[in-house]
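Asker: Pasting in a structure now, in structure tokens, and then I'll have a few things to ask.
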Amino acid sequence: MESKQCNGMSKFDEVLKQRLSIGGDVLQQIGTTSLARVNLLFGYIQTPCYLPPSIVDNVPHLTPDNCLKIKDLTAQVVDFADILSLVKLAMNGIRSFRELLNVIDYRLVFSARDYVNNSNPPSFKATAFMVETSGGRRVISTEEFMQAAQLLQLELIVPLADEISGEKGRNRHRAALWVEMTKFCARAKRLELIDIIVKAVTLVSLPRLISGIGHPLDVLDTFNRGVDAFVSPYPDNATKAGSVLVFWISDDDNGSSARERFGGLLHLREKRFATDFSPLMAGFDCFTCQKYSRAYVHHMLNVREMLGAILLYLHNLQHYYRFFREIRAVIIADRFSAYHAKFASKFKEKVSPAPPLLIPAAIEERTRKTDVKMGVTKATAPFVSMRQ
Numbered sequence: 001m002e003s004k005q006c007n008g009m010s011k012f013d014e015v016l017k018q019r020l021s022i023g024g025d026v027l028q029q030i031g032t033t034s035l036a037r038v039n040l041l042f043g044y045i046q047t048p049c050y051l052p053p054s055i056v057d058n059v060p061h062l063t064p065d066n067c068l069k070i071k072d073l074t075a076q077v078v079d080f081a082d083i084l085s086l087v088k089l090a091m092n093g094i095r096s097f098r099e100l101l102n103v104i105d106y107r108l109v110f111s112a113r114d115y116v117n118n119s120n121p122p123s124f125k126a127t128a129f130m131v132e133t134s135g136g137r138r139v140i141s142t143e144e145f146m147q148a149a150q151l152l153q154l155e156l157i158v159p160l161a162d163e164i165s166g167e168k169g170r171n172r173h174r175a176a177l178w179v180e181m182t183k184f185c186a187r188a189k190r191l192e193l194i195d196i197i198v199k200a201v202t203l204v205s206l207p208r209l210i211s212g213i214g215h216p217l218d219v220l221d222t223f224n225r226g227v228d229a230f231v232s233p234y235p236d237n238a239t240k241a242g243s244v245l246v247f248w249i250s251d252d253d254n255g256s257s258a259r260e261r262f263g264g265l266l267h268l269r270e271k272r273f274a275t276d277f278s279p280l281m282a283g284f285d286c287f288t289c290q291k292y293s294r295a296y297v298h299h300m301l302n303v304r305e306m307l308g309a310i311l312l313y314l315h316n317l318q319h320y321y322r323f324f325r326e327i328r329a330v331i332i333a334d335r336f337s338a339y340h341a342k343f344a345s346k347f348k349e350k351v352s353p354a355p356p357l358l359i360p361a362a363i364e365e366r367t368r369k370t371d372v373k374m375g376v377t378k379a380t381a382p383f384v385s386m387r388q
């Protein structure tokens, strides 16, 4: 990507327009036309769709048995660095790589980027690239990357050439490059670039996959420009923040009362949920909403019990999948533009009046009791004279 920009139009835009033979008038018209479509990914997964990133071939927070509770979870993104240490084990031929990772029934997308931890793309060095692994940074050849891909028998591979590195180094020219690339990530510029790329794709059967965009409003903007699949840690990030996704999806759900009070997110670590025994979202059919209350999940999160994150992610992931199902439905019904406008008017994000506790309540309570006990002990301890 060219880092230098001209007044009004960057060199990058000019090159794209020359290569793609797209005039300025056409570019102005692209944004006014909806390119949203229903397509197929991997031959049977309807798009628009969501592809969750995984950790060692398991979506965050969930064990394989819990994954079975989510019917929409049929595909996921595999990070090369996550499985690097297992490649040699898979090469012995005793078990297939998919069996070893317990992903036989999933469609897999292979990438060299860690989306869960929001790391930078791999940095390149001559004929190799560098990735962050559990054992530190390693230099990997393209042959090693493709060997792992072949062992996994993947459905889709994100080419290394598409993994654009944006990491900032200590050198001044790297810092300057980062500033310029940040400008390209501005919303208006990002949407314009998406328009150019989508318009250039002449084979309509090709899936258009994008990563790093997961916010519901950004999802709708990008789908409106013809993107088919999203890779984003959005549900995972909400779970890590202790937030419940309850944003409006359709008029059929029963979560309006919660949204009126809290907006599209419930900050479940707040103390007011300690005595709230209603489900996370009224009328929702996910496992968590059917079995557990806000108060219970609130307690699990505050004591940092692993079950809290599991229950919260089960809800957030299914709510997010439902959002994508609704998008497909309105596209088929030719109502996407109206739905897009209605969703934007209803979506709200309210800042939590009481930010999540930095110290879990249970730990805070134990500390208080310890301090009280120590105070009582000091008060009742016998006085010992230091004089001889």
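Each residue of the sequence shown is one higher than the one before, starting from 1 at the first, in UniProt numbering. Even for Gly, the Cβ is constructed at its ideal location relative to N, Cα and C.
Between Leu191 and the rest of its own chain, which residues show a CB-CB distance below 8 Å, the 5 nearest in sequence each way excluded?
Answerer: Working through the sequence shown from its first residue, we reach residue 191 at position 191. Same-chain partners within the cutoff: Gly31, Asp221, Thr222, Arg225.
Asker: Just how far apart, CA to CA, sit Arg304 and Lys271?
Answerer: Along the sequence shown, one-based indexing puts residue 304 at 304. Along the sequence shown, one-based indexing puts residue 271 at 271. Near 15 Å, if we compare the C-alpha coordinates of Lys271 and Arg304.
Asker: Any idea which residues DSSP pairs Met281 with across the strands?
Answerer: Taking the first residue of the sequence shown as 1, we reach residue 281 at position 281. None, per the DSSP bridge assignment.
Asker: Under a CB-based cut-off of 9 Å, is Leu220 close to chain D?
Answerer: This model lacks chain D altogether; it includes just one protein chain.
Asker: Would you mind reading off the limits of the alpha helix (DSSP H) that contains Asp276?
Answerer: Position 276 of the sequence shown, counting from 1, holds the residue named residue 276. Segment: none, Asp276 is in no alpha helix (DSSP H) and carries neither H nor E.
Asker: Have a look at Leu108 and Ala75 and give me their C-alpha separation to the nearest angstrom.
Answerer: Counted from its first residue, the sequence shown places residue 108 at position 108. Counted from its first residue, the sequence shown places residue 75 at position 75. If you take the alpha carbons of Leu108 and Ala75, they lie about 6 Å apart.
Asker: Who are the Cβ neighbours of Leu89 in its own chain at under 6 Å, not counting the five residues just before and after it?
Answerer: Residue numbering aside, residue 89 sits at position 89 when the sequence shown is read from its first letter. Contacts found: none.
Asker: Please classify Ile310 as buried or exposed, where buried requires at least 16 neighbouring CB atoms within 10 angstroms.
Answerer: Sequence index remark: in the sequence shown, residue 310 carries index 310 (1-based). So Ile310 counts as buried.
Asker: Hey, how far is the Cα of Gly264 from the Cα of Val246?
Answerer: Locating residue 264 in the sequence shown gives position 264, counting from the first residue. Locating residue 246 in the sequence shown gives position 246, counting from the first residue. When rounded, the distance between both Cα atoms is 5 Å.
Asker: Hey, could you find the ends of the beta strand (DSSP E) Gln153 is sitting in?
Answerer: Along the sequence shown, read from residue 1 onward, the residue named residue 153 stands at position 153. Element bounds for Gln153: n/a, residue is neither H nor E.
Asker: Enumerate in chain order the residues of its own chain whose CB-to-CB distance from Tyr313 is below 6 Å, with the five nearest sequence positions on each side excluded.
Answerer: If you number the sequence shown from 1, residue 313 lands on position 313. His61, Thr239.
Asker: Give every residue of the same chain whose Cβ lies closer than 8 Å to the Cβ of residue 401, excluding the five residues on either side of it in the sequence, and list them in chain order.
Answerer: Since the first and last residues shown for the chain are 1 and 388, residue 401 lies out of range.
Asker: Throw me the rounded Cβ distance for the Leu160 and Phe129 pair, which I believe falls under 8 Å.
Answerer: Against the sequence shown, residue 160 aligns to sequence position 160. Against the sequence shown, residue 129 aligns to sequence position 129. Yes, Leu160 and Phe129 are in contact; Cβ-Cβ is about 6 Å, under 8 Å.
Asker: When the Cα atoms are used, what is the spatial distance from Asn302 to His319?
Answerer: For the purposes of this step, residue 302 is taken as residue 302 along the sequence shown, with counting starting at 1. For the purposes of this step, residue 319 is taken as residue 319 along the sequence shown, with counting starting at 1. Roughly 23 Å separates the two Cα atoms.
Asker: Would you tell me roughly how many angstroms separate the C-alpha atoms of Met146 and Leu68, rounded to the nearest one?
Answerer: By 1-based counting over the sequence shown, the position of residue 146 is 146. By 1-based counting over the sequence shown, the position of residue 68 is 68. Roughly 30 Å between the two C-alpha positions.
Asker: For a minimum of 3 consecutive residues, which ranges assigned as the beta strand (DSSP E) are wholly contained in the segment 212 to 244?
Answerer: 229 to 231
Asker: Assuming Asp82 is part of the alpha helix (DSSP H), what are its boundary residues?
Answerer: Within the sequence shown, residue 82 is the residue found at index 82, counting from 1. It spans 80 to 83 - the alpha helix (DSSP H) in which Asp82 sits, taken as one unbroken run.
Asker: Would residue 404 be called buried (16 or more neighbouring beta carbons within 10 Å of its own) or exposed?
Answerer: Limits of the chain in this structure are 1 at one end and 388 at the other, which puts residue 404 out of reach.
Asker: Candidates Arg322, Gln46, Gly214: which alpha carbon is nearest Asp252's?
Answerer: Residue 252 sits at position 252 when you count from the first residue of the sequence shown. Comparing C-alpha distances from Asp252 to each of Arg322, Gln46, Gly214 shows the shortest one belongs to Arg322.
Asker: Look at the Cβ atom of Val131, then the Cβ atom of Phe110, and state whether they are nearer than 9 Å.
Answerer: Taking the sequence shown and counting its residues from 1, the one referred to as residue 131 is at position 131. Taking the sequence shown and counting its residues from 1, the one referred to as residue 110 is at position 110. Not closer than 9 Å, so no.
Asker: Could you give the C-beta distance for Thr47 and Ala229, rounded to a whole number, given that I count them as a contact under 8 Å?
Answerer: For the purposes of this step, residue 47 is taken as residue 47 along the sequence shown, with counting starting at 1. For the purposes of this step, residue 229 is taken as residue 229 along the sequence shown, with counting starting at 1. That belief holds up - the Cβ atoms of Thr47 and Ala229 are roughly 6 Å apart, short of 8 Å.
Asker: Pull up the DSSP beta-bridge partners for Asn58, would you.
Answerer: As a working mapping, residue 58 is identified with position 58 in the sequence shown. Its beta-bridge partners are Ile55.
Asker: Given this structure, state the Cα-to-Cα distance separating Asn92 from Leu152, to the nearest angstrom.
Answerer: The residue given as residue 92 occupies position 92 in the sequence shown. The residue given as residue 152 occupies position 152 in the sequence shown. Asn92 and Leu152: Cα-Cα distance of roughly 14 Å.
Asker: Run the CB neighbour count on Gly23, radius 10 Å, all protein chains shown included, and call it buried at 16 or more, exposed below.
Answerer: Taking the sequence shown and counting its residues from 1, one reaches residue 23 at position 23. Only weak support exists for where Gly23 lies, its pLDDT of 36 falling under 50; the value from the coordinates is given anyway. When all chains shown are included, Gly23 counts as exposed.
Asker: Less than 9 Å between the beta carbons of Ala149 and Ile140, yes or no?
Answerer: As a first step, residue 149 must be located in the sequence shown, where it is residue number 149. As a first step, residue 140 must be located in the sequence shown, where it is residue number 140. Not closer than 9 Å, so no.
Asker: On the three-state DSSP scale, how would you describe Met130?
Answerer: Against the sequence shown, residue 130 aligns to sequence position 130. Here Met130 sits in strand by DSSP.
Asker: Does DSSP put Ile210 in a helix, in a strand, or in coil?
Answerer: Locating residue 210 in the sequence shown gives position 210, counting from the first residue. Assignment of Ile210 by DSSP, reduced to helix, strand and coil, places it in the strand class.
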